[in-house]
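Worksheet: one structure, shown below.
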Amino acid sequence: MGKAKIGVYWAASCGGCDCSLLEVNEQILDVAAAADILLWPCATDVKYADLESYKNGEIDIVLFNGAIRTAENREIAKLIRTKTKALVAFGSCAHTGGVIGLANLATRDEIFTTVYGEQRDGWPQVSASQNGYDLHLPEFLETLTPLAEVVEVDYVVPGCPPPREIVSQLFSALVAGELPPMGTVFASQKNLCEECPREREQEKITRILRPHQQEPDPEKCLLDQGFVCMGPATRGGCGAVCPAANMPCTGCAGPTESITDQGAAMLNTLASLVGTGEEGEDQLDAEDAILAQLDDIIGTFYRFGLATSLLRGRYHEQNRTAR
Amino acid sequence: MSDRTGPFEPKIVAFLCRWCSYAGADLAGVSRMEYPPNVVPMRVNCSGRVDVEMVLAAIEKGADGVLIGGCHPGDCHYVSGNYKTRRRVALIKRALSEIGIDPRRVHLEWISASEGHKFQQTITQFTQRIRDLGPSPVPAAAGAKVGGNG
Chain X
711 MGKAKIGVYW AASCGGCDCS LLEVNEQILD VAAAADILLW PCATDVKYAD
761 LESYKNGEID IVLFNGAIRT AENREIAKLI RTKTKALVAF GSCAHTGGVI
811 GLANLATRDE IFTTVYGEQR DGWPQVSASQ NGYDLHLPEF LETLTPLAEV
861 VEVDYVVPGC PPPREIVSQL FSALVAGELP PMGTVFASQK NLCEECPRER
911 EQEKITRILR PHQQEPDPEK CLLDQGFVCM GPATRGGCGA VCPAANMPCT
961 GCAGPTESIT DQGAAMLNTL ASLVGTGEEG EDQLDAEDAI LAQLDDIIGT
1011 FYRFGLATSL LRGRYHEQNR TAR
Chain A
124 MSDRTGPFEP KIVAFLCRWC SYAGADLAGV SRMEYPPNVV PMRVNCSGRV
174 DVEMVLAAIE KGADGVLIGG CHPGDCHYVS GNYKTRRRVA LIKRALSEIG
224 IDPRRVHLEW ISASEGHKFQ QTITQFTQRI RDLGPSPVPA AAGAKVGGNG
């Protein structure tokens, strides 16, 4: 077998995923030795024309990071799909929409008004003519979607950004020419709590804290202490790096296999844990007071998964004044 | 759910606990009490079985309203399932508000097995409330493709 042909692409992303590829340190040299890089906008000078010139299925595997936010993202995703045998949704944005999926809480018009101001006068323009040249910008789409809504995805590497161990696992498989069966998610099949080193004592949550309000005890379960840790509803595989660094899990790896809606699963968990002790009618007000300490439900429970959650984004009731 | 043509008829999903509210619905039935036909009852073993995902999935699939019926405080067959549901519903309502869905589309009511009349009243009033609110802002086909697992 000749050298593997690989590609990396970024759509609507922050660039962190590209950096995470280098977190494997010298292993990247093995990859460079074992593979030809046919596409990597961040690191090579390959143009879209080069991508178009490749034969269908010529590239063996493309790591696609970033979500689909513009018409360009969508078009290139479709083009890459035809040019590659295996397509990897790499990182939270490609996988579940990511943090930027929270933009689906606003309409495109609202986003433009925030960026360009109330008097935006037709901005942003998607085409303009100047000095005899026609200029075009890709359309900013109405909503943000993950990669799998535009094209078929073969593998998932979750995380924001994907943790080093997982990237390393993927590269090892790539260098050995032994990719796992299509559909594999490069992470644990269990939730984060399974690999979290903290001690869980099944305590009731009697108050809800945010990380800036108090430094967590480094040994005890964060949920026990009242911090909203997304671990129970989140796929493991990262080695619980955030809880190990004394920060609650924010859920970047997405839901476990058995869950559809990560935020809903965590809301269930939290609702079950909140309480002052024995449940009873006399405790209802106290329970409500604890729940009232929760701030920003969507931003907390759907921080990475809003774009792939059951309800996906914001809606607009027609009849707001109904009784 | 079917297309919305003609005058608006609310589609309501009701999750009813088998020990209390579903029995209350049965009592309303055998007592020949009349109430609007807009509710699709789903029997669950306990209101505590109703998880957040079930309520959101009902809305995503086109329900205009979701009713959850459970045992009165202190009466839960499983001791505390109804308290858990009560807390869940509080969080569901807040999540719905944040994404622009009127939280009044989800309602929790305690209905015992002897309260056929309360069942009738609850259905009547909730159907009227949803009728006033109008169709759900969620297009019925919104989440045809679901999942975050790639």
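In the order they appear, the protein sequences are chains X and A.
Okay, so the first sequence: first residue is 711 according to this note's numbering, each after it adds one.
Okay, so the second sequence: first residue is 124 according to this note's numbering, each after it adds one.
Note that CB positions come from ideal geometry on N, CA and C, so glycine has one too.
Rounding to the nearest angstrom, what Cα-Cα distance links residue i and residue j in this structure?
| i | j | result |
| --- | --- | --- |
| residue 909 of chain X | residue 878 of chain X | 29 Å |
| residue 272 of chain A | residue 804 of chain X | A caution first: residue 272 of chain A carries a pLDDT of 35, below 50, which makes its placement in the model unreliable, though a value can still be read off. Straight-line Cα distance between these residues: approximately 11 Å. |
| residue 184 of chain A | residue 835 of chain X | 36 Å |
| residue 788 of chain X | residue 957 of chain X | 38 Å |
| residue 735 of chain X | residue 756 of chain X | 23 Å |
| residue 993 of chain X | residue 177 of chain A | 26 Å |
| residue 860 of chain X | residue 1023 of chain X | 18 Å |
| residue 672 of chain X | residue 840 of chain X | The displayed coordinates of chain X run from 711 to 1033. Any statement about residue 672 of chain X would go beyond what the structure contains. |
| residue 246 of chain A | residue 164 of chain A | 11 Å |
| residue 265 of chain A | residue 1021 of chain X | Bear in mind that the predicted position of residue 265 of chain A carries a pLDDT of just 47, short of 50, making it unreliable; the figure below should be weighed with that in mind. Distance between the alpha carbons of residue 265 of chain A and residue 1021 of chain X is about 8 Å. |
| residue 768 of chain X | residue 747 of chain X | 12 Å |
| residue 166 of chain A | residue 819 of chain X | 43 Å |
| residue 883 of chain X | residue 784 of chain X | 28 Å |
| residue 1017 of chain X | residue 220 of chain A | 17 Å |
| residue 243 of chain A | residue 255 of chain A | 18 Å |
| residue 1000 of chain X | residue 249 of chain A | 28 Å |
| residue 954 of chain X | residue 1003 of chain X | 25 Å |
| residue 823 of chain X | residue 731 of chain X | 35 Å |
| residue 1012 of chain X | residue 971 of chain X | 9 Å |
| residue 270 of chain A | residue 749 of chain X | At residue 270 of chain A the pLDDT is 37, less than 50, meaning the model places this residue with poor confidence; the figure from the coordinates comes in the next sentence. Whole-angstrom Cα-Cα distance: 29 Å. |
| residue 786 of chain X | residue 947 of chain X | 30 Å |
| residue 225 of chain A | residue 758 of chain X | 46 Å |
| residue 995 of chain X | residue 922 of chain X | 26 Å |
| residue 267 of chain A | residue 967 of chain X | Because residue 267 of chain A carries a pLDDT of 43, less than 50, the predicted location of this residue cannot be relied on, and no value is offered for it. |
| residue 738 of chain X | residue 180 of chain A | 43 Å |
| residue 888 of chain X | residue 800 of chain X | 18 Å |
Please state if the CB of residue j and the CB of residue i are separated by a distance shorter than 8 Å.
| i | j | result |
| --- | --- | --- |
| residue 752 of chain X | residue 726 of chain X | no |
| residue 202 of chain A | residue 191 of chain A | no |
| residue 916 of chain X | residue 979 of chain X | no |
| residue 975 of chain X | residue 965 of chain X | yes |
| residue 852 of chain X | residue 223 of chain A | no |
| residue 193 of chain A | residue 143 of chain A | yes |
| residue 760 of chain X | residue 885 of chain X | no |
| residue 914 of chain X | residue 983 of chain X | yes |
| residue 228 of chain A | residue 997 of chain X | no |
| residue 977 of chain X | residue 214 of chain A | yes |
| residue 169 of chain A | residue 195 of chain A | no |
| residue 197 of chain A | residue 171 of chain A | no |
| residue 798 of chain X | residue 864 of chain X | yes |
| residue 849 of chain X | residue 794 of chain X | no |
| residue 1029 of chain X | residue 152 of chain A | no |
| residue 130 of chain A | residue 253 of chain A | no |
Relative to the C-alpha of residue i, which residue among the options is closest?
| i | options | result |
| --- | --- | --- |
| residue 1005 of chain X | A:142, A:196, A:218 and A:164 | A:218 |
| residue 161 of chain A | A:251, A:259 and A:261 | A:251 |
| residue 712 of chain X | X:744, X:812 and X:832 | X:744 |
| residue 811 of chain X | X:970, X:761 and X:855 | X:855 |
| residue 962 of chain X | X:728, X:746 and X:1014 | X:1014 |
| residue 715 of chain X | X:765, X:732 and X:967 | X:765 |
| residue 920 of chain X | X:884, X:794, X:960 and X:829 | X:960 |
| residue 796 of chain X | X:890, X:913 and X:740 | X:890 |
| residue 892 of chain X | X:880, X:823 and X:750 | X:880 |
| residue 937 of chain X | X:831, X:800, X:926 and X:1007 | X:926 |
| residue 862 of chain X | X:791, X:989 and X:728 | X:791 |
| residue 261 of chain A | A:186, A:131 and A:159 | A:186 |
| residue 802 of chain X | X:945, X:829, X:762 and X:816 | X:945 |
| residue 754 of chain X | X:813, X:728 and X:822 | X:728 |
| residue 154 of chain A | A:182, A:240 and A:257 | A:240 |
| residue 952 of chain X | X:928, X:968, X:967 and X:970 | X:928 |
| residue 988 of chain X | A:207, A:133, A:263 and A:134 | A:207 |
| residue 934 of chain X | X:912, X:995 and X:858 | X:912 |
| residue 158 of chain A | A:259, A:130, A:175 and A:135 | A:135 |
Taking C-beta pairs closer than 9 Å, name the residues in chain B that residue i reaches, listed in chain order.
| i | result |
| --- | --- |
| residue 206 of chain A | Here chain B cannot be found, since the structure's protein chains are X and A. |
Tell me whether residue i, by its Cβ, gets closer than 7 Å to a heavy atom of the ligand PLP.
| i | result |
| --- | --- |
| residue 183 of chain A | For the ligand PLP, the structure offers nothing, since it holds no ligand at all. |
Practice task
Could you tell me whether the region 843-850 of chain X touches the region 864-875 of chain X, using the rule of 3 or more Cβ pairs below 8 Å?
Solution key: In short, these stretches do not touch, since the Cβ pair count stays below three.
Problem - Stretch pair the region 716-725 of chain X + the region 770-787 of chain X: three plus CB contacts closer than 8 Å - result: Yes: the two stretches touch, three or more of their Cβ pairs being nearer than 8 Å.
Problem - Start-end ranges of the beta strand (DSSP E) lying completely within the region 222-250 of chain A, minimum 3 residues - result: Runs of the beta strand (DSSP E) inside the region 222-250 of chain A: 229-233.
Problem - Unbroken stretches of the alpha helix (DSSP H), 4 residues or longer, contained in the region 138-213 of chain A - result: Runs of the alpha helix (DSSP H) inside the region 138-213 of chain A: 144-153 and 175-183.
Handout entry: Contact between the region 889-905 of chain X and the region 927-943 of chain X (3+ Cβ pairs under 8 Å)
Key = Yes, they touch.
Exercise for the section: Check whether the region 879-897 of chain X touches the region 858-868 of chain X, counting contact only when three or more Cβ pairs, one atom from each stretch, lie closer than 8 Å. Expected result: Result yes; three or more Cβ-Cβ pairs closer than 8 Å.
Handout entry: Continuous alpha helix (DSSP H) assignments of at least 4 residues falling wholly in the region 774-801 of chain X
Key = Counting only runs of 4 or more, we get 781-793.
Exercise for the section: Could you pull out every unbroken alpha helix (DSSP H) segment of at least 4 residues lying fully inside the region 916-992 of chain X, listed in chain order? Expected result: For the region 916-992 of chain X, the continuous alpha helix (DSSP H) assignments of 4+ residues that do not extend past its boundaries occur at 932-935, 951-954 and 972-983, in sequence order.
Handout entry: Meets three-Cβ-pair contact criterion under 8 Å: the region 228-238 of chain A and the region 142-154 of chain A
Key = For the pair of segments examined, the region 228-238 of chain A was found to touch the region 142-154 of chain A: the number of CB pairs separated by less than 8 Å reaches three.
Handout entry: 4-residue-minimum alpha helix (DSSP H) runs that sit fully inside the region 824-908 of chain X, ordered along the chain
Key = Here the runs fully enclosed are 874-886.
Handout entry: Minimum length 4: unbroken alpha helix (DSSP H) runs contained in the region 714-778 of chain X
Key = Listed in chain order, they are 726-732, 737-744 and 758-763.
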